[in-house]
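A.B. asks: This is the structure I want to talk about, given as structure tokens.
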Amino acid sequence: MNEESSFKKSPLTFYVLVFALSIPFWLFGSMRVKWLPMNLPVSALMFFCPMAAAMMLTYRREGVSGIREVLKRILDYKRIKQKSWYFPILFLMPMIMLLSYWVMSLISRSLPEPSIPFLSIPILMVIYFIAAACEEIGWMGYAVEPMLNCWNALTTSVIMGTLWGIWHLIPYIQTNHSVTWIIWQFFTTILLRILMVWLYNNTGKSIFAAILFHDIVNVSVTVFPNNGSHYDPVVTSAFLVITIVILLFFWDPKTLHRYRSH
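Numbered per the working numbering, the sequence shown spans residues 3 to 264.
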């Protein structure tokens, strides 16, 4: 799969297919299975739908060889030439969650003592990496390049983040969250997608970078501060906004790659 082929891809077809494939999971989504973390519903298993859609569309256009090229991108870490990018990939979200806990403590939120299951983190990393790979091979592996051919990086991030948020709405509802929580979590998905596109564009367009960041986001939320018990997207999104404002001061929103000329 080369980047020239991105002009031949249809993001609209991809998104329609992702949503269509997700319908069965939404229909049975109210069921619970004990082995899913944070009491997630069955609809959380729709994570493989973006990859399925990408594989189907790639096979139709490029055959088995195209699918092989797509799957290779899951571990395209060699594209990350500047190893310093691993710092935001690995530590940005944990830092934001620590700051969120600190602020929530300052405003006298009722919080449990942090109980981070360090021994289970490697297992969570593997589970969430697989889930993130299935998602990002679709979002970043298939859809992002043709979108970047049509819009600038910031606009692409917002559009993709909005669709990503809509895709998650039914699972959010099925986990019995409040309307306020759902609205703010929807906003958070857009902010996280901006960061993913920023990382993608600055790591040689590495899908592995997006997957690993997505993985760390899920792990960070799950262990905060005790199996995700007090995660608050209002506080988290505030820190994400601050992060992105700083980011946009230094990076051109048109590309999220070139430094601004001040």
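Where is the CB? At the ideal position from N, CA and C, for every residue including glycine.
Since the structure is predicted, the reported quantities are computational estimates derived from the model, not experimental observations.
Grab me the residues of N220's own chain with a C-beta within less than 6 Å of its C-beta, minus the 5 sequence neighbours each way, in chain order.
C.D. replies: On the sequence shown, residue 220 is found 218 positions in, with the first residue counted as 1. So the qualifying residues of the chain are Y130.
A.B. asks: How far does the alpha helix (DSSP H) with P124 in it reach, from first residue to last?
C.D. replies: In the sequence shown, residue 124 corresponds to position 122, counting from 1. Run containing P124: I123 to G140, per the alpha helix (DSSP H) assignment.
A.B. asks: Taking F21 as part of the alpha helix (DSSP H), name the residues at either end of that continuous run.
C.D. replies: Taking the sequence shown and counting its residues from 1, the one referred to as residue 21 is at position 19. Taken as a continuous stretch (DSSP letters only), the alpha helix (DSSP H) holding F21 covers P13 to L29.
A.B. asks: Could you please give me the residues that DSSP links to W253 through a beta bridge?
C.D. replies: Indexing the sequence shown from 1 puts residue 253 at position 251. Y261.
A.B. asks: Mark K207 as exposed unless 16 or more other C-beta atoms lie within 10 angstroms of its C-beta, in which case mark it buried.
C.D. replies: As a first step, residue 207 must be located in the sequence shown, where it is residue number 205. Classification for K207: buried.
A.B. asks: Between the Cα of I246 and the Cα atoms of T60, F210 and W200, which residue gives the shortest distance?
C.D. replies: Here residue 246 refers to the residue found at position 244 when the sequence shown is read from its first residue. Cα-wise, what sits closest to I246 is W200.
A.B. asks: With distances taken Cα to Cα, identify the nearest neighbour of Q187 among Y261, I168 and P52.
C.D. replies: Residue mapping note: residue 187 aligns to position 185 of the sequence shown, counting from 1. Nearest of Y261, I168 and P52 to Q187, Cα basis: I168.
A.B. asks: Mind reading off the beta-carbon distance from M198 to M142? Whole number of angstroms is fine, and I expect it under 8 Å.
C.D. replies: For the purposes of this step, residue 198 is taken as residue 196 along the sequence shown, with counting starting at 1. For the purposes of this step, residue 142 is taken as residue 140 along the sequence shown, with counting starting at 1. Right, the Cβ-Cβ distance comes to about 7 Å (below 8 Å), so this counts as a contact.
A.B. asks: Hey, how far is the Cα of T60 from the Cα of E115?
C.D. replies: On the sequence shown, residue 60 is found 58 positions in, with the first residue counted as 1. On the sequence shown, residue 115 is found 113 positions in, with the first residue counted as 1. If you take the alpha carbons of T60 and E115, they lie about 48 Å apart.
A.B. asks: Check whether the Cβ of Y144 lies closer than 6 Å to any heavy atom of the ligand NAP, and answer yes or no.
C.D. replies: With respect to small molecules bound, the structure shown includes none, and the ligand NAP cannot be examined in it.
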